[in-house]
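Participant: This structure is in structure tokens; I'll ask about it shortly.
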Amino acid sequence: MMDGEKNVTVSANVSGAHSLWEAVSIATVSAVVSLITIVGNVLVMLSFKVNSQLKTVNNYYLLSLACADLIIGVFSMNLYTSYILMGRWALGSVACDLWLALDYVASNASVMNLLVISFDRYFSITRPLTYRAKRTPKRAGVMIGLAWLVSFVLWAPPIICWQYFIGKRTVPEGQCQIQFFSEPVITFGTAIAAFYIPVSVMTILYCRIYKETERRTKDLAELQGVTALNDSDALNQKTHSCFTSKETSKLAEEQLTNFSYASSEDEERSASPCVFQTESREENFRTSPARNKKCVSYKFKSANGDEKPSSFSSAESVNAPSSSKPVEGTLKSQITKRKRMVLIKEKKAAQTLSAILLAFILTWTPYNIMVLVSTFCSDCVPLSLWHLGYWLCYVNSTVNPMCYALCNKTFQKTFRMLLLCRIRYRSAFYVF
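Residue numbers are given in UniProt numbering: position 120 of the sequence shown equals residue 120, and the series is strictly consecutive.
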């Protein structure tokens with residue numbers, strides 16, 4: 001656990017007086033949970049490696065979270081279980097401090113990664129046009145590095161070096177605890193700073209994300225209704241080729257509304273997002289005596305400013321120069337479909353975030369409630385309940401990979417393929 005209040009459990013007078021049945025049960029359950037945690041988070045890492053579809057900015061944060069969870073599954077769970085079963089810390093003071101430092105750093109990194117994910121989702125939803133340009137794998141790597149660096153600086157030096165700051169080690173022999181958490185006030189403060197404030201911030205952000213997603217869903221439904229009417233009108237127009245005869249065509253370039261809308265995940269796969277754009281120019285009509293037609297051509301403008309002619313053109317029969325309703329209707333229909341796909345992706349990302357936050361809150365809240373209670377009543381929480389609450393915080397690292405699989409079909413499919421050993425290597429690609 002990263003939260004400072006952890007000292008309450010670790011420093012408790014751990015009793016080794018377990019019956020054989022209790023000891024076997026505790027060891028078995030702990031071993032199974034630890035194994036599931038390790039396997040689940042290793043699967044997340046391997047999935048990210050073998051499936052290029054998962055190499056998105058969203059999943060870079062999940063990969064970092066999986067690294068923290070793997071550390072907890074390998075070291076924290078097993079060492080804490082041995083501490084409970086033996087009734088004392090038998091590995092020495094150096095191992096104790098290293099375990100506490102690793103445990104706190106990994107747990108703090110988990111919380112900070114959750115905060116980063118929440119802010120990332122929030123800005124992706126509320127500022128899609130400005131934030132997405134800054135949202136790159138490199139920037140995600142910097143944010144992840146900062147999360148781990150801050151966690152390390154906050155916890156590792158104080159835990160390991162505190163005894164040298166005050167000139168002596170005050171931890172009793174056979175116990176493993178953090179020296180500077182001996183005061184209830186400090187314990188209470190760290191509980192507020194390490195759990196309740198982050199949870200409150202993440203909850204507020206998710207509520208804003210949910211409201212914005214619902215608003216966009218409503219707007220999209222209205223846009224689909226308008227587009228359906230435009231498409232219906234467009235079907236009644238007779239369309240001809242612009243290039244059947246040079247003498248019977250008239251050319252025009254018309255202004256359409258600039259459109260730029262892409263999901264954050266799409267941009268992760270393309271360094272130059274495409275922007276639909278046409279330029280407004282004075283119309284030059286060469287009217288054919290045989291038939292009046294109007295040809296509308298489009299240009300695609302890339303993010304770097306290069307213009308490319310469209311790979312399609314359209315023409316319609318007209319009696320006089322007018323707007324190109326069939327083409328505009330078709331383009332609006334394409335835009336609507338695009339927005340719908342983007343919204344679906346954003347909803348999936350929001351669902352993954354909601355599952356992770358829900359798991360975090362459910363697994364960490366019982367222990368942190370006990371921390372607040374023990375601050376005012378030190379004997380009100382039984383030792384066995386402390387152990388259970390503390391272990392439940394560890395279980396969060398077990399549940400996270402399940403959240404990814406349940407909310408993301410790509411993760412689910414890759415997990416299945418890895419477990420069934422159906423991954424094979426071909427050239428530069430991993431093939432399922």
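Note that CB positions come from ideal geometry on N, CA and C, so glycine has one too. None of the values given here were measured: they were computed from a predicted structure.
What do you get for residue 164, buried or exposed, if any count of 16 or more other CB atoms within 10 angstroms of its CB means buried?
Facilitator: exposed
Participant: Excluding the five sequence neighbours on either side, which residues of its own chain have a C-beta within less than 6 Å of the C-beta of residue 118, listed in chain order?
Facilitator: 202 and 205
Participant: Around the Cβ of residue 53, are there at least 16 other Cβ atoms within 10 angstroms (buried) or fewer (exposed)?
Facilitator: For residue 53, the number of other beta carbons within 10 angstroms of its own is below 16, and it is reported as exposed.
Participant: Measure the alpha-carbon distance for residue 43 versus residue 166 and round it to whole angstroms.
Facilitator: Residue 43 and residue 166: Cα-Cα distance of roughly 44 Å.
Participant: Count Cβ pairs between the stretch 206-214 and the stretch 108-124 that sit closer than 8 Å; are there 3 or more?
Facilitator: With a cut-off of 8 Å, the stretch 108-124 and the stretch 206-214 count as touching, because enough Cβ pairs lie within range.
Participant: Between 72, 141, 130 and 386, which has its C-alpha nearest residue 37's C-alpha?
Facilitator: 72
Participant: Here's the rule: buried if 16 or more other CB atoms are within 10 angstroms of the residue's CB, otherwise exposed. What is residue 176?
Facilitator: buried
Participant: Pick helix, strand or coil for residue 142, following the three-state DSSP scheme.
Facilitator: Helix, per DSSP.
Participant: Using 8 Å for Cβ pairs, my map puts residue 113 next to residue 156. What's the rounded Cβ distance?
Facilitator: 17 Å between Cβ atoms; not a contact.
Participant: Specify the secondary structure class of residue 183 as computed by DSSP and reduced to three states.
Facilitator: coil
Participant: Between the C-alpha atoms of residue 111 and residue 199, what's the straight-line distance to the nearest angstrom?
Facilitator: 9 Å
Participant: For residue 396 versus residue 69, is the C-beta distance shorter than 9 Å?
Facilitator: yes
Participant: Please report how far the alpha carbon of residue 353 lies from the alpha carbon of residue 168, in whole angstroms.
Facilitator: 44 Å
Participant: Considering Cα atoms alone, identify which of 213, 39 and 107 is closest to residue 128.
Facilitator: 213
Participant: For residue 416, count the other beta carbons within 10 Å of its own beta carbon; 16 or more makes it buried, fewer makes it exposed. Which is it?
Facilitator: exposed
Participant: Using the three-state DSSP reduction, which class does residue 366 fall into: helix, strand or coil?
Facilitator: Under the three-state reduction of DSSP, residue 366 is assigned to helix.
Participant: Near residue 81, what residues of its chain come up, given a Cβ to Cβ distance below 6 Å and the 5 sequence neighbours on each side ignored?
Facilitator: 30
Participant: Quick one: what does DSSP say residue 28 is sitting in, helix, strand or coil?
Facilitator: helix
Participant: Rank 392, 144 and 174 by C-alpha distance to the C-alpha of residue 34 and give the top, closest one.
Facilitator: 392
Participant: Can you give the Cα-Cα distance for residue 145 and residue 62, rounded to whole angstroms?
Facilitator: 13 Å
Participant: For the putative contact between residue 65 and residue 400, defined by C-beta atoms under 8 Å, what is the C-beta separation to the nearest angstrom?
Facilitator: 6 Å
Participant: Taking a contact to mean a Cβ-Cβ separation below 9 Å, would you say residue 184 touches residue 374 in this structure?
Facilitator: Taking 9 Å as the Cβ cut-off, residue 184 and residue 374 qualify as a contacting pair.
Participant: Determine the contact status of residue 55 and residue 137, defining contact as a CB-CB distance below 9 Å.
Facilitator: Yes; because the gap between Cβ atoms is below 9 Å, this pair is in contact.
Participant: For residue 126 and residue 85, I'd like the C-alpha separation in whole angstroms.
Facilitator: 50 Å
Participant: Sort 108, 140 and 161 by Cα distance to residue 180 and report the nearest one.
Facilitator: 161
Participant: For residue 289, I'd like the list of residues in its chain whose CB is within less than 6 Å of its CB, leaving aside the five on either flank, ordered along the chain.
Facilitator: Low confidence applies to residue 289: its pLDDT is 45, below 50, so where it sits in the model is not reliable, and the reading given next is rough at best. So no residue of the chain qualifies.
Participant: Determine the burial state of residue 101: buried for a count of at least 16 other Cβ atoms within 10 Å of its Cβ, exposed for fewer.
Facilitator: buried
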